[in-house]
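Q: Each residue of the sequence shown is one higher than the one before, starting from 634 at the first, in the numbering used here.
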Amino acid sequence: MIFKLAGIKRVMKRPQQRRTLALLGALTIAGLLNDLFAAAVNYDEAKVGALPLPNVLRMEDGQSVTNAAIWRSLRRPEILRLFETQVYGKLLPRPATQSFRVVAEDRTLLDGRATRRDVEMDITVATNGTALKFTLILPNHRTGPVPVFVGIHVFDTSHSYPQPARARQLPGAPKQTDEDNARAGRAALDRILSRGYGVASLNVESLAPDSGTNYWRGVARLYGRTQPGSPGAEETGVIGIWAWGLSRAMDYFETTTDVDARRVIAIGHSRMGKTALWAAANDERFAAVVSNNSGCGGAALSKRDFGETVAIITRAFPHWFCGNFSKYGGHEELLPVDQHELISLIAPRPVYVASAVDDGWADPRGEFLAALNAEPVYRLLNVGGLGVNTMPAPDQPVGGTISYHYRQGQHALTDYDWEQYLAFADRCLSNVKTGK
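1. Span of the alpha helix (DSSP H) holding residue 1056?
2. Hey, is the region 850–862 in contact with the region 883–894, meaning 3+ C-beta pairs nearer than 8 Å?
3. With DSSP as the reference, label residue 1022 as helix, strand or coil.
4. Would residue 790 and residue 834 be called neighbours here (beta carbons separated by less than 9 Å)?
5. Enumerate, from N- to C-terminal direction, the unbroken alpha helix (DSSP H) stretches of 4 or more residues contained entirely within the region 882–958.
6. What are the start and end residues of the alpha helix (DSSP H) that includes residue 713?
7. Would you identify the three-state DSSP class for residue 973, choosing helix, strand or coil?
8. Residue 1018 to residue 1046, Cα distance in whole Å?
9. Residue 756 by DSSP, collapsed to three states: which one?
10. Could you tell me which of 1011, 1043 and 1050 sits nearest to residue 1030, measuring between CA atoms?
11. With DSSP as the reference, label residue 680 as helix, strand or coil.
12. From residue 711 to residue 776, what distance separates their C-alpha atoms?
13. What residue range is occupied by the uninterrupted alpha helix (DSSP H) comprising residue 1011?
14. Please work out which residues of its chain come closer than 6 Å, Cβ to Cβ, to residue 908, disregarding the five sequence neighbours upstream and downstream, and give them in chain order.
15. Measuring straight from C-alpha to C-alpha, what distance separates residue 861 and residue 849?
16. Below 9 Å between beta carbons: does that hold for residue 707 and residue 698?
17. Among 826, 687 and 773, which residue has its Cα nearest to the Cα of residue 632?
18. Determine, using beta carbons only, whether residue 906 and residue 924 come nearer to each other than 9 Å.
19. By the three-class DSSP mapping on this structure, what secondary structure does residue 769 have?
20. Taking buried to mean at least 16 other C-beta atoms within 10 Å of its own C-beta, is residue 857 buried or exposed?
21. How would you label residue 1000, buried or exposed, when you count the other beta carbons within 10 angstroms and need 16 or more for buried?
22. Does the region 1058–1067 touch the region 1002–1014, meaning 3 or more C-beta pairs lie closer than 8 Å?
23. Leaving out the 5 sequence neighbours to the left and right, which residues in its chain are closer than 7 Å to residue 787 when beta-carbon positions are compared?
24. For residue 921, collect the residues of the same chain with a Cβ closer than 6 Å to its Cβ; drop the 5 residues on either side in sequence, then sort them by chain order.
25. Contact check, residue 686 vs residue 973 under 8 Å by CB: the rounded distance?
26. Can you give the Cα-Cα distance for residue 822 and residue 1054, rounded to whole angstroms?
27. For residue 761, which beta-bridge partners are listed by DSSP?
28. Within 10 Å of its beta-carbon, does residue 866 have 16 or more other beta-carbons around it, so buried, or fewer, so exposed?
29. Does chain C have any CB closer than 9 Å to the CB of residue 885?
30. From this set, 709, 676, 692 and 769, which residue's C-alpha is nearest residue 1011's C-alpha?
31. Please classify residue 986: is it buried, with 16 or more other beta-carbons within 10 angstroms of its beta-carbon, or exposed?
32. Please report how far the alpha carbon of residue 993 lies from the alpha carbon of residue 689, in whole angstroms.
33. By the three-class DSSP mapping on this structure, what secondary structure does residue 785 have?
34. Strictly by DSSP, which residues pair up with residue 835?
35. Count the other C-beta atoms from every protein chain shown that fall within 10 angstroms of the C-beta of residue 882, then say buried if there are 16 or more, exposed otherwise.
36. Rounding to the nearest angstrom, what Cα-Cα distance links residue 1015 and residue 718 in this structure?
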């Protein structure tokens, strides 16, 4: 079956069609399913096309970037500006006044082996209010400040015992009871904490609810937005507000002796993976970043007609991005940046990109190619890169300062993923100076 969306042919294979419908069905957005089915999605690599990627080491005026100084002073700011104006919007500024308070602390988690700390942040900008709520979980056996993974909704902390956050429950998948989820949360936390790491999970509701009609009621309202409506041409979308929140959590880490703020890794799954990448691109205090199945608008190249596309994502979730991004839907050849350049903004810091075999919607090959095409900047900065030219087989992690894996399974943050990320953290943080 052949369909058209914004003038581009898209071909749907029946098994992938059913998988896409299953994924989208759980989103429960009125009218979205029919719209996207009518648009159809391409899962045929032979039909992707060959739009050229922007050269990450060539300025817009044609000048070549031949050394780290040119990259740092000219090309990197140029790419950052393009993402600000054409994709995500410019981040909200750091508030002039902000204060943190611990609202609850439980030192008995995991039979006394861990501490759960609930933190809130109040700010004063256009108006006063609580801008951020997050939960920090630390190992009790620590003898000094510990490295931390931080992300948006890494765990569902609304429960007394944090449970793994799940982007969506797939139809037909085994139903997970609260007991199942609590057991999984305990196992995941055991794995992270026993390796000497803490984990912080940010609440989206205080920052920006993931809703096209209500997202502005969070931090955007405190900064002066007074009514609903999609973000303006260069106004930050929800991904940018969530990224702002990750930086404010970093502000807190710099105030407490329990966290080694020099060894904080931004991590995110799905739309939160998009957020982690954008946060780390803007805030160089993050020592490294992990993008798990982040797809379109995250680690996957936009100039590929495969899985979710710019046209689909901006139609379904216009509040995630700045208003300008939607004009490239069906006209990706006009987009002046692509996601390999987002990854390059993180250089020379380590970055891990991960995909899943049964997650064609997120375009695993597009994620791998973005990581591969960011490598020239890492080489320019003498820190290596991915180190391979061919996408690896499933469950065969590759890479160095840029790392990548393509695991069996679906769209999820799994135990396998966490094991790779902990090994990555052990490697990439070993040379970072520790302590306060």
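Quick reminder that beta carbons are idealized off the backbone N, C-alpha and C, glycines included.
On a predicted model such as this, the values are computed, not experimentally measured, just so you know.
A: On the basis of the coordinates in this document:
1. Note, residue 1056: alpha helix (DSSP H), 1048–1061.
2. Touching, no, given that fewer than three Cβ pairs across the two stretches are closer than 8 Å.
3. When secondary structure is reduced to three states using DSSP, residue 1022 falls in the coil class, being assigned neither helix nor strand.
4. Going by C-beta atoms, residue 790 is nearer than 9 Å to residue 834.
5. As far as the region 882–958 is concerned, its whole alpha helix (DSSP H) runs of at least 4 residues are 904–915 and 943–949.
6. Here the alpha helix (DSSP H) through residue 713 covers 709–716.
7. DSSP places residue 973 in helix when its eight states are reduced to three.
8. Put simply, the backbone Cα of residue 1018 is about 24 Å away from that of residue 1046.
9. It is a strand residue.
10. Comparing Cα positions, the closest option is 1050.
11. Helix, per DSSP.
12. Each residue's Cα considered, the two are about 43 Å apart.
13. Residue 1011 -> alpha helix (DSSP H) spans 997–1013.
14. So the qualifying residues of the chain are 785, 872, 875, 876 and 901.
15. Whole-angstrom Cα-Cα distance: 6 Å.
16. Yes.
17. Nothing about residue 632 can be read from this structure; the chain reaches only from 634 to 1069.
18. The answer is yes: Cβ separation under 9 Å.
19. Correct three-state label for residue 769: strand.
20. Flag for residue 857 reads exposed.
21. Per the 10 Å Cβ criterion, buried.
22. Verdict: no, contact absent.
23. Contacts found: 798, 832, 834 and 900.
24. Its chain contains 898, 982, 983 and 1061 as the residues whose beta carbon lies nearer than 6 Å to that of residue 921, once the 5 sequence neighbours on both sides are disregarded; these appear in chain order.
25. With 8 Å as the limit, residue 686 and residue 973 qualify as a contact, their Cβ atoms being about 6 Å apart.
26. Cα to Cα, residue 822 sits roughly 13 Å from residue 1054.
27. DSSP, once it has assigned bridges, lists 757 as partnering residue 761.
28. Looking at its Cβ environment, which holds fewer than 16 other Cβ atoms inside 10 Å, residue 866 is exposed.
29. Of the protein chains in the structure, only one exists, and it is not chain C.
30. Taking only the C-alpha atoms, the option nearest residue 1011 is 709.
31. Buried, since its Cβ has 16 or more Cβ neighbours within 10 Å.
32. The straight-line gap from Cα to Cα measures roughly 26 Å.
33. Three-state DSSP puts residue 785 in a strand.
34. Within the DSSP bridge table, the entry for residue 835 names 767 and 785 as partners.
35. Residue 882 comes out buried.
36. Between residue 1015 and residue 718, the C-alpha separation is close to 30 Å.
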